[in-house]
Amino acid sequence: TGSHGGEGVEAAVGGEPVASYLVHQETTFDSNEIRRHVTVLVLTGTRFLVSHTDEQPADGTSASPYATTSTESVKLERIASVVLSRVVADPESYTPGTLPREVVLTIGWGAVSRIDLEPATCGDPNCEADHGYTGSTTADDLSLRVSEAGDGPETVRQALAFAQALSEATAAARPGAHR
Numbered sequence: 008t009g010s011h012g013g014e015g016v017e018a019a020v021g022g023e024p025v026a027s028y029l030v031h032q033e034t035t036f037d038s039n040e041i042r043r044h045v046t047v048l049v050l051t052g053t054r055f056l057v058s059h060t061d062e063q064p065a066d067g068t069s070a071s072p073y074a075t076t077s078t079e080s081v082k083l084e085r086i087a088s089v090v091l092s093r094v095v096a097d098p099e100s101y102t103p104g105t106l107p108r109e110v111v112l113t114i115g116w117g118a119v120s121r122i123d124l125e126p127a128t129c130g131d132p133n134c135e136a137d138h139g140y141t142g143s144t145t146a147d148d149l150s151l152r153v154s155e156a157g158d159g160p161e162t163v164r165q166a167l168a169f170a171q172a173l174s175e176a177t178a179a180a181r182p183g184a185h186r
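Sequence positions in the sequence shown follow the numbering used here and run 8 to 186.
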């Protein structure tokens with residue numbers, strides 16, 4: 008899987024220098040098979056690249072196992088949100104600078120949105136009128152979770168560094184930003 012996915016990322020990056028990157032491997036066990044999914048995030052001076060490589064078992068389309076890689080290239084100006092959620096152990100004794108137990112990086116650029124709806128109310132507990140619905144949309148193109156237990160402390164550090172680099176790059180790339 009490594010060389011196949013690497014070729015896709017290398018072709019997408021082209022000659023641009025890489026400012027930051029993150030590689031995340033997820034292994035799942037399905038029946039009698041082990042499957043690997045590799046996500047590679049790359050930041051260049053002008054683009055954010057996301058590559059997914061999946062191993063597939065032999066099936067009706069192939070007599071032997073195979074891997075598929077898809078790579079998307081997004082201009083930095085298109086990135087609408089970079090959300091980093093941190094989970095820390097023992098928050099009452101947390102020391103700033105201590106590595107979080109896990110982080111979830113969510114990046115939105117408008118290709119996928121999630122809609123959350125709920126019944127609207129007027130605040131009167133005795134009111135039985137239908138007030139329609141209220142809701143919100145959230146950009147949710149990519150969500151990546153890394154944990155110290157599952158991925159190791161170095162991967163958590165890399166995720167934090169990548170999130171910071173991407174946040175800074177997207178802020179600088181927005182129209183009207185000072186460069």
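We treat Cβ as the ideally placed atom computed from N, Cα and C, and that holds for glycine.
C-beta atoms of residue i and residue j nearer than 8 Å
i      : j      : result
Val89  : Ala170 : yes
Leu50  : Ala172 : yes
Gly15  : Thr76  : yes
Val110 : Ala166 : yes
Ala70  : Thr60  : no
Val163 : Leu112 : no
Residue of the options minimising C-alpha distance to residue i
i      : options                           : result
Ser92  : Thr35, Arg108, Thr53 and Thr102   : Arg108
Glu17  : Pro98, Glu79 and Cys129           : Glu79
Gly117 : Leu83, Pro98, Leu124 and Thr128   : Leu83
Ala156 : Gly52, Thr113, Val94 and Pro126   : Val94
Gln32  : Gly22, Gly21 and His44            : His44
Gly142 : Thr75, Cys134, Glu125 and Pro24   : Glu125
Gly22  : Leu48, Ala176, Gly139 and Gly52   : Gly52
Thr35  : Pro64, Ser100, Ala136 and Tyr101  : Pro64
Leu29  : Arg181, Ala178, Ala179 and Asp158 : Asp158
Ser174 : Arg152, Leu106 and Ile86          : Ile86
Element boundaries [beta strand (DSSP E), containing residue i]
i      : result
Val153 : Leu149 to Ser154
Val110 : Glu109 to Gly115
Tyr101 : Counting along the chain, Tyr101 falls outside any beta strand (DSSP E), and DSSP gives it neither H nor E.
Thr34  : Val25 to Asp37
Glu40  : Glu40 to Thr51
Continuous alpha helix (DSSP H) stretch holding residue i: start and end
i      : result
Leu83  : Leu83 -> no alpha helix (DSSP H), and no H or E assigned at all.
Val163 : Pro160 to Ala180
Assigned exposure category for residue i - 16 Cβ within 10 Å defines buried
i      : result
Pro115 : Residue identity check: residue 115 is Gly in the sequence provided, not Pro. Gly115 should be labelled buried.
Ser58  : buried
Gly9   : Unreliable placement is indicated for Gly9, whose pLDDT of 49 sits below 50; the coordinate value is still reported in the next sentence. With fewer than 16 other Cβ atoms within 10 Å, it is exposed.
Ala176 : buried
Arg181 : exposed
Residues bridged to residue i (per DSSP)
i      : result
Val94  : Glu109
Thr60  : Val45 and Thr76
Pro126 : Tyr140
Asp66  : Ser69
Val89  : Ile114
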